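This report refers to the structure that appears directly beneath it.
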Amino acid sequence: MSLIGELLGKSPFGPLLEHTRKVHECVKLIKPLAKAAVDEQFDELHRLQDVVSKLEHEADQVKHEIREQLPRKYFLPVAREELDGFLRCQDGIADSVEDFAVVLILRNTKFHPELKADFLEFADQILQVGDTLMAAAEEIQNLAETSFGGAEAESVLQRVAGLGQEEWKADRMQRKLCQKIYSLEEELDPVTINFYEKMLMALSEVANSAENTGDLLREMIIRG
Amino acid sequence: MSLLMIGMTALVGLYMAWNIGANDVANSMAAAVGSNSISVKRAVILAGICEFAGAVLVGACVTDTVRKGIVDPSAISSIPGLAEGEAGALLAIGMGSALLAAAMWLNLATWMGMPVSTSHAVVGAVAGFGIAAAGWSSVHWGKMAQIIASWFISPVAGGILGFTLFTLISKAILGRERPVPAAARYAPLVAFTVAAVVSLSILYKGLKHILAGAEWLTGERAFLAATGIGLVAMLVSKKLIARRLAGKERLPLDEQLESVEGVFAPLVVISSCAVAFAHGANDVANAVGPLAAVVDIIGSGAVKMEVHVPFWVLALGGTGIVIGLATYGYKVMHTVGTKITQLTPSRGVAASIAAASTVLVCTKLKLPVSTTHTLVGAVVGIGLARGLAAVNRGVTREIFKSWVFTVPAATILTVIFFLLGKWLLLETVRCVVVAAAAGA
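Chains as they are written, first to last, in our numbering: chain S, 1 to 224; chain H, 1 to 440.
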């Protein structure tokens with residue numbers, strides 16, 4: 001019976017980084033998906049959706065692993081609720097990217113030429129929000145090494161602070177894009193409009209989840 | 001005949017020492033082995049050297065407590081109606097029974113998978129014999145209270161020190177924007193601390209019984225000498241660290257942190273050596289404390305125990321520990337090492353220095369404490385400073401359990417053995433004591 005042997009459990013931060021990386025892979029596919037949708041390359045869309053689906057499933061598996069390896073008897077350097085919330089929210093990002101991809105393959109939706117540029121710009125902004133969050137979240141191992149304090153924590157908190165503005169910008173772009181869609185409604189059929197709406201909602205969910213994940217990352221750092 | 005008695009007691013003592021080496025020493029080097037800073041083979045060699053050094057250089061303090069600090073020898077000799085030499089015989093049989101009982105309980109508990117502390121077992125056993133032989137008043141209850149208090153205080157002190165040391169390391173080095181230059185500046189302090197603490201424990205009221213003429217090296221001179229040794233260690237390490245970190249100030253953060261941990265690796269090795277040293281100093285008494293008492297009685301025929309603990313007794317204990325470590329402790333060290341890989345060098349340094357300092361202070365205060373419990377306290381302290389990803393709360397419960405079971409079990413076993421021994425061997429031993437007194 002070794003007291004020292006029983007004293008330490010497995011760190012959740014390694015698997016957490018793995019989860020973050022998988023979600024980041026999903027987020028990186030937003031640009032190719034948007035481009036393929038706008039160029040109406042429907043085969044490419046099907047291929048990309050397969051990739052996203054697989055990545056999202058792998059992320060889910062890592063998420064379950066993390067939850068299983070943390071029985072209540074271990075105490076962590078961050079509050080367990082914050083870690084759980086962060087994990088769930090980050091997983092939601094991958095879910096939203098998958099939703100976006102699914103919308104694109106359910107129907108071969110054609111893009112009105114006047115909407116193409118704006119849509120790509122919107123997708124870029126969403127990607128920006130996602131990338132910012134992912135870069136911050138990928139510092140989790142360094143945060144653990146520096147005990148969630150010091151210069152590293154400051155740096156991550158700063159990066160996360162910018163998320164609110166980025167997400168707001170995405171929101172405004174989404175509204176403008178919607179207004180443009182409706183200004184063209186005479187030239188579009190209702191089902192296509194419906195699908196444009198689904199795409200925009202899925203993308204803005206990505207940004208929302210990213211912002212919320214950032215908030216929870218912040219909570220993990222400042223509340224021990 | 002007297003040689004036979006000493007020999008048999010020495011054998012049981014060796015057996016206890018072997019047990020300590022086999023099971024306990026692995027925990028001392030756990031920080032170094034777990035963080036992969038040293039191979040198990042090298043750890044065994046270093047631990048062997050440090051345990052032995054601790055045992056012979058500083059081991060006399062706690063050995064003194066075990067042989068005459070718990071049970072008052074004069075209480076035994078003042079039992080009314082004793083024949084000549086009977087007091088000495090009772091004491092000798094009692095100490096022998098205590099040693100045997102503690103050794104047996106150690107085996108039994110390990111076999112049953114229960115956590116057990118050799119220090120707790122021996123203290124309980126010796127107290128038990130005292131009560132059985134001469135009633136409750138034969139035990140120095142003041143000292144017992146101190147000892148029992150130290151069992152609670154040492155893990156807590158380890159925790160506070162661990163928390164503080166790690167917070168310092170975190171704020172001064174790891175948390176900086178550029179950890180590498182911070183490490184070059186502050187990490188040498190670790191070498192200073194380890195060298196100074198260990199030197200002070202050897203020198204302060206220490207070397208008299210080994211080096212004749214070393215009396216001048218006590219008191220404040222000891223502090224100065226220890227500080228001096230610490231400074232030398234600091235300067236040497238400063239050079240080596242600077243060389244290792246040269247040109248790495250501008251790397252990205254995760255690479256800088258990796259380099260800093262790399263610098264802490266040799267530092268955790270020397271800190272773990274300090275823990276092994278402290279452990280040897282504190283725990284050798286568990287194996288040879290009773291032996292020291294028996295040797296004194298059978299050698300001089302008297303019950304006073306005023307001479308220093310003989311060097312060969314400490315050396316015997318130290319040797320037993322080393323043998324236990326080399327034969328079985330290797331395996332335990334390997335197993336423990338695989339389970340605590342989370343303890344990176346920076347954390348290991350904080351835990352080891354906290355544990356070593358606490359145990360050495362307790363040793364100089366002549367208190368037998370559990371090095372393992374202190375180390376656990378230190379690690380928990382670091383966890384509370386947000387330095388570790390998953391710390392098991394349940395281990396504290398295990399520590400409580402070991403307190404609750406060990407002392408009564410050891411006491412009861414000792415009483416049984418003592419009464420048996422008294423019934424069977426009293427006359428024989430009495431004659432030996434009388435002969436020794438006549439010859440002395």
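Glycine included, C-beta positions come from ideal geometry on N, C-alpha and C. Note that this is a predicted model, so its numbers are computed, not measured.
Taking 8 Å as the upper bound on Cβ-Cβ separation, chain S lies near residues Leu253, Asp254, Leu257 of the stretch 247-258 of chain H. A check of alpha carbon separations from H:Asp24 across H:Val116, H:Asp72, H:Ser39 identifies H:Val116 as the nearest. Residue burial annotation: H:Glu427 is exposed, with fewer than 16 other C-beta atoms found within 10 angstroms of its C-beta. Taking the beta carbon of S:Lys28 as reference, no residue of chain H falls within 8 Å; the closest one sits roughly 21 Å away. Near chain S, meaning a CB-to-CB distance below 8 Å, the residues of the stretch 388-407 of chain H are Leu388, Ala389, Ala390, Val391, Asn392, Arg393, Gly394, Val395, Glu398, Ile399.
Exposed is the label assigned to H:Thr338, since fewer than 16 other Cβ atoms lie within 10 Å of its Cβ. Within 7 Å of the CB of H:Glu177, the CB atoms of chain S belong to Ala151, in sequence order along the chain. DSSP places S:Phe86 inside the alpha helix (DSSP H), whose first and last residues are 80-106. Within the stretch 137-200 of chain H, the runs of alpha helix (DSSP H) that reach at least 4 residues and sit entirely inside it are, in chain order, 141-169, 179-186. Not one beta carbon of chain S lies nearer than 8 Å to the beta carbon of H:Lys41. With a cut-off of 8 Å on Cβ pairs, the stretch 58-72 of chain S is not in contact with the stretch 155-172 of chain S, counting fewer than three such pairs. Using a 10 angstroms sphere on the CB of H:Leu420, the tally of other CB atoms stays under 16, which defines it as exposed.
For H:Val303, there is no enclosing alpha helix (DSSP H), as DSSP gives it neither H nor E.
Using a Cβ-Cβ cut-off of 8 Å, S:Pro12 counts as an interface residue toward chain H, since at least one Cβ of chain H sits closer than that to its own.
Using a Cβ-Cβ cut-off of 8 Å, S:Glu68 does not count as an interface residue toward chain H, since no Cβ of chain H sits closer than that to its own. According to DSSP, S:Phe75 shares a beta bridge with H:Val391. Any Cβ of chain S closer than 8 Å to the Cβ of H:Asn282 would place that residue at the interface, and such an atom is absent. Not flagged as an interface residue toward chain H: S:Gly214, since no C-beta distance is shorter than 8 Å. Classified as buried, S:Phe100 has 16 or more neighbouring CB atoms from the shown chains inside 10 Å of its CB.
For H:Val71, the secondary structure class from DSSP, reduced to helix, strand or coil, is strand. When beta bridges are read from the DSSP output, S:Leu8 appears opposite H:Val391. Taking 8 Å as the CB threshold, H:Lys171 lines the interface with chain S. DSSP places H:Pro408 within a helical segment (H, G or I) once states are collapsed to three. Boundaries of the alpha helix (DSSP H) around H:Ser2: 2-19.
Contact check for H:Ala157 against H:Val275 fails: the beta carbons are separated by 8 Å or more.
A check of alpha carbon separations from H:Ala315 across H:Ser300, H:Arg393, H:Asp283, H:Leu106 identifies H:Asp283 as the nearest. Using a Cβ-Cβ cut-off of 8 Å, S:Glu6 is close to Lys339, Asn392, Gly394, Val395, Glu398 of chain H, given in chain order.
If you draw a straight line from the Cα of H:Val33 to the Cα of H:Leu267, it is about 12 Å long. Leaving aside the five residues that flank H:Thr411 on each side, the residues in its chain whose CB is nearer than 6 Å to its CB run, in chain order, Gly124, Gly128.
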